[in-house]
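Trainee: Numbering (this note's numbering), first residue to last: 46 to 601.
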Amino acid sequence: MKRTWWKEGVIYQVYPRSFNDSNGDGIGDVPGVIEKLDYIKSLGIDIIWLCPVYKSPNDDNGYDIADYYNIMDEFGTMEDFDRLLAGVHERGMKLIMDLVVNHTSDENAWFVESRTSRNNPKRDYYIWKDGKNGGPPNNWQSFFGGDAWAYDEQTHQYYLRLFTKKQPDLNWENEAMRKDVHTMMRYWMDKGIDGFRMDVISLLSKRNFEDTNFLGFNETIEHVYANGPKIHDYLQEMHREVLADHDVMTVGEGPGISLQQGLNYVHEDRNELSMIFHFDHMFIDHGPGGKFDPVKYDLVHFKEIFAQWDKLMVKGGWSSLFLGNHDFPRMVSRFGNDNDYHAESAKALALMLLTMRGTPYIYQGDEIGMTNIAFDDITDYRDIETHNVYRSIKEQNGDLDKLMAAIHWQGRDNARTPVQWDASANGGFTTGDPWIKVNSNYSDINVALQEHDEDSILNFYRQAVACRKTHGELVYADFEVIDVLNPRVFAYWRRSDEAKYLVLINFTEDTLPFAVAELDQGETMEMLLANYASPTTLVDGRFELKPWEAVLYQIN
Ligand code: ISL
Ligand code: CA
46 MKRTWWKEGV IYQVYPRSFN DSNGDGIGDV PGVIEKLDYI KSLGIDIIWL
96 CPVYKSPNDD NGYDIADYYN IMDEFGTMED FDRLLAGVHE RGMKLIMDLV
146 VNHTSDENAW FVESRTSRNN PKRDYYIWKD GKNGGPPNNW QSFFGGDAWA
196 YDEQTHQYYL RLFTKKQPDL NWENEAMRKD VHTMMRYWMD KGIDGFRMDV
246 ISLLSKRNFE DTNFLGFNET IEHVYANGPK IHDYLQEMHR EVLADHDVMT
296 VGEGPGISLQ QGLNYVHEDR NELSMIFHFD HMFIDHGPGG KFDPVKYDLV
346 HFKEIFAQWD KLMVKGGWSS LFLGNHDFPR MVSRFGNDND YHAESAKALA
396 LMLLTMRGTP YIYQGDEIGM TNIAFDDITD YRDIETHNVY RSIKEQNGDL
446 DKLMAAIHWQ GRDNARTPVQ WDASANGGFT TGDPWIKVNS NYSDINVALQ
496 EHDEDSILNF YRQAVACRKT HGELVYADFE VIDVLNPRVF AYWRRSDEAK
546 YLVLINFTED TLPFAVAELD QGETMEMLLA NYASPTTLVD GRFELKPWEA
596 VLYQIN
């Protein structure tokens with residue numbers, strides 16, 4: 046396995062709007078990120094992934110880009126960005142930018158031109174089609190609900206928009222458009238950034254525009270919207286034109302990329318991407334009706350997903366490890382217990398994230414165990430996806446109480462409330478009126494409080510990151526799940542010729558006995574990391590795991 050910095054690094058994801066507001070307008074900004082670089086560095090972070098900061102009307106919080114060459118007004122200026130990049134590099138860290146090129150904003154100059162007439166030179170930068178039988182060209186549905194097509198009065202055609210109406214999909218068949226995207230990418234590379242996180246990169250190549258007849262939306266993504274016939278041509282071309290000969294990393298966001306296609310995006314011989322984010326564990330609790338129809342997830346299935354992807358990636362790819370981001374619930378609320386075992390389970394999940402094989406991604410606020418939010422009033426929500434689904438259930442006279450419960454559980458704003466820096470008003474995020482309400486638990490859960498507590502979640506993250514650095518084998522050693530069918534404990538080996546580690550994590554509120562058959566007589570166990578002051582030890586051939594107990598042993 047080839048060794049490199051982006052395999053060994055730990056990544057921290059910044060969602061700037063909710064990170065830190067430097068000027069009191071209630072919106073996090075680029076100077077706000079600069080103010081916190083020492084903090085990020087103090088976690089042991091090597092690489093920062095910055096969510097979109099480009100000029101945008103913010104229909105989808107920056108994932109709708111109006112100008113790829115400028116910074117969003119609310120976030121600051123290009124000078125601010127240059128200072129940020131320099132500040133990151135001065136501290137020995139790297140910066141990767143979000144690249145959103147499946148779609149632009151409808152306010153992007155390309156689209157403004159494209160929509161003016163059917164024969165405008167930019168017409169084919171987007172996907173325009175005639176309607177069918179008085180309706181849209183086909184039955185495709187938007188990721189955020191409703192038709193995936195928008196009708197344009199001016200030229201009497203429909204344009205494809207897999208996300209919001211203000212996010213028209215680009216036409217990757219168009220070579221001039223692809224060249225423009227490459228030029229734009231080179232502009233940022235020339236500034237010295239260290240790579241890209243590529244938004245919904247699996248969707249670039251569109252299939253024939255035929256009606257679909259899949260039942261579940263996630264299946265439709267995999268078989269209809271993602272993995273189109275030319276996706277690998279486009280990624281190889283991008284690599285050739287922009288990335289080759291630069292020491293950069295890329296991570297492709299891959300809704301619809303299943304085990305069958307996973308390696309094709311990342312195999313080291315293919316010259317496409319360094320890693321992808323697959324969503325098998327993120328969609329694990331989606332019911333037949335999708336994310337707002339949640340079902341209970343099962344730990345055996347969860348473990349299987351990590352085991353299968355690791356087994357696949359060992360054939361020449363590399364895994365990314367994440368348990369949440371700006372699109373999903375808070376990891377401690379979703380996979381842990383944010384009530385009675387808040388600190389224990391937050392640390393247990395951190396231990397898991399930082400002791401598997403792959404590159405770990407820490408989402409802002411998870412390092413202090415930030416939790417989901419449950420607003421009672423729909424008007425307190427800001428996410429367009431949440432508002433779209435609310436409107437549509439209301440129009441159908443559906444069960445709004447049930448939907449609110451699902452929004453509390455699955456809504457994207459769970460992860461978008463401001464970072465809780467201290468116990469002052471608005472958690473120290475802003476001196477003004479925050480664009481979205483701060484979680485009311487900020488006086489109990491905040492950075493300042495945890496800085497002063499040696500046993501805090503924050504300091505546990507620091508220890509776990511440091512441990513991964515000291516024990517370099519934790520990056521590359523083989524990963525093997527122990528007792529695969531155990532529905533309550535996630536246990537695994539990390540083994541290489543040089544070292545051997547054992548990880549035990551109790552995913553329940555019960556005390557559980559746990560035996561590890563393969564532990565040899567005469568081996569000594571050194572405890573490296575644990576979330577209880579007196580961690581479990583091997584007694585008469587078995588461990589006894591306390592509620593949400595997690596422990597990492599080195600076996601010598
Ligand atoms: O959260 C989801 C839908 O409920 C995901 O399917 C998500 O939409 C998908 O992973 C794509 O996400 C990315 O592209 C979107 C943007 O809204 C997300 O924030 C971004 O991460 C469109 O650009
Ligand atoms: Ca601001």
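Even glycine gets a Cβ: it sits at the ideal position worked out from N, Cα and C.
According to DSSP, which residues form a beta bridge with S3?
Mentor: The question about residue 3 has no answer, for the chain in this structure spans 46 to 601.
Trainee: Taking any heavy atom of ligand 2 as the mark, which residues have a C-beta closer than 6 Å to it, listed down the chain?
Mentor: The set, ordered by position in the chain, is D66, S67, N68, D70, I72, D74.
Trainee: According to DSSP, is N417 part of a helix, a strand, or is it coil?
Mentor: The answer is coil: DSSP assigns N417 none of H, G, I, E or B.
Trainee: Go ahead and label N491 buried or exposed: buried means 16 or more other beta carbons lie within 10 angstroms of its beta carbon, across all protein chains shown.
Mentor: Under this definition N491 is a buried residue.
Trainee: Where does L583 fall in DSSP's three states?
Mentor: Correct three-state label for L583: coil.
Trainee: Rounded to whole angstroms, what is the Cα-Cα separation between M572 and F559?
Mentor: If you take the alpha carbons of M572 and F559, they lie about 17 Å apart.
Trainee: Confirm the yes/no value for this check: CB of P300, any heavy atom of ligand 1, distance under 6 Å.
Mentor: Correct: P300 has its Cβ closer than 6 Å to ligand 1.
Trainee: Tell me L448's beta-bridge partners as DSSP assigns them.
Mentor: DSSP, once it has assigned bridges, lists no residue as partnering L448.
Trainee: At a threshold of 6 Å, does K649 count as lining ligand 1 (C-beta to nearest heavy atom)?
Mentor: Absent from the structure is residue 649, since the part of the chain shown begins at 46 and ends at 601.
Trainee: Beta strand (DSSP E) containing I276: first to last residue?
Mentor: That residue, I276, is in no beta strand (DSSP E); its alpha helix (DSSP H) goes 276 to 283.
Trainee: Please state if the CB of S87 and the CB of G73 are separated by a distance shorter than 7 Å.
Mentor: No; because the gap between Cβ atoms is not below 7 Å, this pair is not in contact.
Trainee: So if DSSP puts V596 in a beta bridge, which residue, or which two residues, is it bridged to?
Mentor: In DSSP, V596 forms a bridge with L549, A575.
Trainee: Quick one: what does DSSP say Q58 is sitting in, helix, strand or coil?
Mentor: Residue state, collapsed to three classes: strand.
Trainee: Please determine whether the Cβ atom of D244 lies at a distance below 6 Å from any heavy atom of ligand 1.
Mentor: D244: yes, Cβ under 6 Å from ligand 1.
Trainee: Between G414 and A388, which are expected to be in contact by the criterion C-beta below 8 Å, what is the C-beta distance as a whole number of angstroms?
Mentor: Their Cβ separation, rounded to whole angstroms, is 7 Å, which keeps G414 and A388 in contact under 8 Å.
Trainee: Once the 5 residues before and after K336 are set aside, which same chain residues still bring their CB inside 7 Å of it?
Mentor: Answer for K336: Q455, listed in chain order.
Trainee: Taking only three categories from DSSP, how would you classify H291?
Mentor: The answer is coil: DSSP assigns H291 none of H, G, I, E or B.
Trainee: Identify the residues that DSSP records as bridge partners of E525: which are they?
Mentor: DSSP lists W538 as partners of E525.
Trainee: Give me the Cβ distance between K47 and E313, rounded to the nearest whole Å; I'm assuming they're in contact under 8 Å.
Mentor: About 7 Å; that satisfies the 8 Å criterion.
Trainee: Closest to Y406 by CA distance: which of K167, S365, N68 is it?
Mentor: Of K167, S365, N68, the residue nearest in Cα terms is S365.
Trainee: The alpha helix (DSSP H) that contains D225, what's its start and end?
Mentor: Counting along the chain, the alpha helix (DSSP H) containing D225 begins and ends at 220 to 236.
Trainee: Using a threshold of 6 Å, is the CB atom of F328 nearer than that to any non-hydrogen atom of ligand 1?
Mentor: Flag unset: Cβ of F328 not near ligand 1.
Trainee: Can you tell me which of P61, W94, D70, V293 puts its alpha carbon nearest to the alpha carbon of V78?
Mentor: Comparing Cα positions, the closest option is P61.
Trainee: Let me confirm a value: Y114 is counted as buried when at least 16 other C-beta atoms fall within 10 Å, else exposed. Which label applies?
Mentor: Burial call: exposed.
Trainee: Return the Cβ separation of G71 and D478 in integer angstroms, given the expectation that the two are a contact with Cβ distance under 8 Å.
Mentor: That pair is a contact at about 5 Å.
Trainee: Write down the C-beta distance between G273 and S250 rounded to the nearest angstrom, noting that I regard them as a contact closer than 8 Å.
Mentor: So it is a contact: roughly 3 Å between Cβ atoms.
Trainee: For D151, which residues of its own chain have a beta-carbon under 6 Å away from its beta-carbon, when the five flanking residues on both sides are left out?
Mentor: Correct list, in chain order: K211, P213.
Trainee: Please give me, in chain order, every unbroken run of the alpha helix (DSSP H) with length at least 4 that falls completely inside the stretch 464 to 532.
Mentor: Those alpha helix (DSSP H) runs which fall completely within the stretch 464 to 532 and span 4+ residues are 492 to 496, 502 to 515, 518 to 521.
Trainee: Just grab the DSSP bridge partners of K139 for me.
Mentor: I92.
Trainee: Please state the DSSP three-state secondary structure of L207.
Mentor: In the structure shown, L207 sits in coil (DSSP, three-state: anything other than H, G, I, E or B).
Trainee: Just to confirm the assignment, what range does the beta strand (DSSP E) spanning W185 have?
Mentor: From DSSP, W185 is part of no beta strand (DSSP E); its letter is neither H nor E.
Trainee: Round the Cβ separation of I110 and N153 to the nearest angstrom and send it over; I've been treating them as touching at under 8 Å.
Mentor: Yes, they are in contact, since the Cβ atoms of I110 and N153 sit about 6 Å apart, within 8 Å.
Trainee: Over the uninterrupted alpha helix (DSSP H) stretch that includes K52, give me the two end residues.
Mentor: Taken as a continuous stretch (DSSP letters only), the alpha helix (DSSP H) holding K52 covers 50 to 53.
Trainee: Sorry if obvious, but does the Cβ on Y171 come closer than 6 Å to a heavy atom of ligand 1?
Mentor: It does not: the Cβ of Y171 is nowhere closer than 6 Å to a heavy atom of ligand 1.
Trainee: Does the beta-carbon of Y108, which I'm using as the reference point, lie nearer than 6 Å to any heavy atom of ligand 3?
Mentor: As presented, the structure is devoid of ligand 3, carrying ligand 1 and ligand 2 as its sole ligands.
Trainee: Exposed or buried, what is R223 when buried is set at 16 or more other beta-carbons lying within 10 Å of its beta-carbon?
Mentor: R223 should be labelled buried.
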